[in-house]
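Below: the structure, in structure tokens.
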Amino acid sequence: FGLSILYALATMLFAIGLHPFIGRFTTLAMVTIFVGLNFTTSGGVFAPALQSKFFAVLHDFWIGAGLNEASRNLAYFPDVSNGGEIAKIVGWLIVGAALVGVVALRERRNAVEQTPAPTSGRHERDQLTDEESEELAEDVVA
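In terms of this note's numbering, the sequence shown opens at residue 94 and continues consecutively.
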């Protein structure tokens, strides 16, 4: 159960951190990263030795491979250490948290740059043009 929570948190943070950078393409990126590549690199269908070199290399650090191998070890080989497999998931969690941190800093910087300087205690939207003042005076008189 803990592995699933860790995996879900890592993928969620990664998606939240990625969204401000790629916007509406986040769904496509997440499906490609966490479905398409997880399926082929996890080692659940074919062992890494039977996969092409590209997917075998990805298996060494990919989050889906970490979850699959750790779950398999817990179910079938409970005495085998899962430290390396859990480290893969924690590594992705750290990358996701770093992405969220970068986004937070970027948005804070943008908010500071876009904050207008106060003008004489009144907002620009509260100041009327000459024409608007004249029409308001006519409406009040009428």
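Ideal Cβ positions, reconstructed from N, Cα and C, are used throughout, including at glycine.
With a Cβ-Cβ cutoff of 8 angstroms, do residue i and residue j count as a contact?
i, j, result
"PHE154", "LYS181", "yes"
"ALA122", "LEU111", "yes"
"ALA101", "THR119", "no"
Would residue i be called buried (16 or more neighbouring beta carbons within 10 Å of its own) or exposed?
i, result
"VAL193", "buried"
"PHE114", "exposed"
"ASN203", "exposed"
"PHE127", "buried"
"PHE148", "buried"
"GLY95", "exposed"
"LEU186", "buried"
Between residue i and residue j, which are expected to be in contact by the criterion C-beta below 8 angstroms, what is the C-beta distance as a whole number of angstroms?
i, j, result
"THR134", "GLY157", "6 angstroms"
"GLY189", "LEU99", "The pair is not a contact, with the Cβ atoms about 11 angstroms apart (cut-off 8 angstroms)."
"GLU86", "GLU178", "Coverage of the chain is limited to positions 94 through 235, which leaves residue 86 absent and any answer about it impossible."
I'd like the list of long-range same chain contacts for residue i, defined as Cβ closer than 8 angstroms, with 5 residues on each side in sequence excluded.
i, result
"VAL173", "ASN166"
Could you check if residue i belongs to the surroundings of the ligand NAD, using beta carbon to heavy atom distance under 7 angstroms?
i, result
"THR120", "With respect to the ligand NAD, the structure offers nothing, as it holds no ligand at all."
Just to confirm my understanding: we take residue i, look at its own chain, exclude 5 residues before and 5 after, and list those with CB closer than 6 angstroms. What are they?
i, result
"ASN131", "GLY157"
Leaving out five residues before and five after residue i in sequence, what residues of the same chain have Cβ atoms less than 7 angstroms from its Cβ?
i, result
"GLY136", "HIS152, ALA158, ASN161 and GLU162"
Next on the checklist: Give the list of continuous alpha helix (DSSP H) stretches no shorter than 4 residues that lie fully inside the stretch 117-181.
Outcome noted: 119-124, 130-134, 146-152 and 156-169
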